[in-house]
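With mature numbering (1 follows the signal peptide of the UniProt record, and there is no 0) applied, the sequence shown covers -24 to -1, 1 to 232.
Below: the structure, in structure tokens.
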Amino acid sequence: LYFSLLFVFFTFVVVCTLWFHAQSGHYQGDATKCELTGSSVKVVSWSPRVLVYKNFITKAEAEYLMILGKDKLERSTIVSQAGDLSDHRTSSGAFVSTDGDPIIMGIEQRIAEWTLLPVEHGENFYILRYQQGEKYEQHYDCFPSDSPEIGNSGNRVKTLIIYLQKPEQGGETFFPRSDLSVDIEAGDAVLFYNIKPNGDRDIMSLHEGRPVTAGEKWIATKWIREKPYEFSWYADQQRKYLEAHNRPMGAQAPPE
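Encoded structure:
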């Protein structure tokens, strides 16, 4: 009986995977889903690799993140080589550090379990607000291979976007090379891969935040690095521990 049930389970997983592989086009959050451990995770596209996790955070958690970011919001601009401000990105944003906050740490642990990368690999949350008419034009989240931004932490291999508040209209995340539009609800999260397994940039990950045409859009973005992010709260805690115990950098601090 045990082996029969195991066979049925793996058959179910394979069928779900094959079905998702055949899907493409516009995703509105109502496709047939494969339930995993009580939560709804969907593979929306394989090229680019895009997944959606329904009800990733609660309404209370979404409101909490918006409150944390609200008082710190600044115009999200891109500075060109000439030093001029660009309208390529017209939202307002704020970085929010973990700082031992149990709510943030809980969400980050959830992200680590889904992405299969430790919490230490994530940059600080970037809370973004898009008002009517605001957008983020086509761009890549990963850095060019020769960029100094890569540093000791490696490139941004994955991007996770949590929708905190959905606008009344517009604001979809759009992948132009595959004509894929992701339109999800508040509390849902979308995960996509910026880097191929061989380390090259995945050109299919080119994406944009379409203009909001009614209401406000709030999201929390988490960029995930190849290696532990050296400027994260977690890295800072490890440095303090190692210094306090006279241990060399690179040694592992025991779990709390």
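Quick reminder that beta carbons are idealized off the backbone N, C-alpha and C, glycines included.
Cβ pair residue i, residue j closer than 7 Å
| i | j | result |
| --- | --- | --- |
| residue 119 | residue 131 | yes |
| residue 97 | residue 201 | yes |
| residue 156 | residue 21 | yes |
| residue 49 | residue 68 | yes |
| residue 196 | residue 138 | yes |
| residue 41 | residue 87 | no |
| residue 184 | residue 150 | yes |
| residue 162 | residue 36 | no |
| residue 106 | residue 188 | yes |
| residue 117 | residue 209 | no |
| residue 199 | residue 110 | no |
| residue 44 | residue 72 | yes |
| residue 211 | residue 145 | no |
| residue 134 | residue 169 | yes |
Cβ neighbour criterion (16 or more within 10 Å) applied to residue i
| i | result |
| --- | --- |
| residue 18 | buried |
| residue 165 | buried |
| residue 167 | buried |
| residue 141 | buried |
| residue 46 | exposed |
| residue -14 | Low local confidence applies: a pLDDT of 38 at residue -14 is under 50, so the model's placement there is unreliable, with the coordinate-based value given in what follows. That one is exposed. |
| residue 186 | buried |
| residue 181 | buried |
| residue 222 | exposed |
| residue 114 | exposed |
| residue 206 | exposed |
| residue 148 | buried |
| residue 179 | exposed |
| residue -21 | Residue placement at residue -21 is flagged as unreliable, the pLDDT there being 49, under the threshold of 50; the coordinate-derived value follows with that caveat. So residue -21 ends up on the exposed side. |
| residue 143 | buried |
Alpha helix (DSSP H) segment containing residue i, residue limits
| i | result |
| --- | --- |
| residue 79 | 78 to 91 |
| residue 210 | 209 to 220 |
| residue 116 | Residue 116 -> no alpha helix (DSSP H), and no H or E assigned at all. |
Beta-bridge partners of residue i, as assigned by DSSP
| i | result |
| --- | --- |
| residue 70 | 103 |
| residue 20 | Residue 20 is not bridged to any residue. |
| residue 188 | 146 |
| residue 27 | 19, 167 |
| residue 130 | DSSP output for residue 130 lists no bridge partner at all. |
| residue 50 | 69 |
| residue 97 | DSSP, once it has assigned bridges, lists no residue as partnering residue 97. |
Beta strand (DSSP E) segment containing residue i, residue limits
| i | result |
| --- | --- |
| residue 161 | No beta strand (DSSP E) contains residue 161, which DSSP labels as neither H nor E. |
| residue 201 | 193 to 201 |
Next item on the list: Just list the alpha helix (DSSP H) runs in the stretch 133 to 157, keeping only unbroken ones of 4 residues or longer that don't cross its boundaries, in chain order.
Entry: Note on the stretch 133 to 157: there is no whole alpha helix (DSSP H) run with a minimum of 4 residues.
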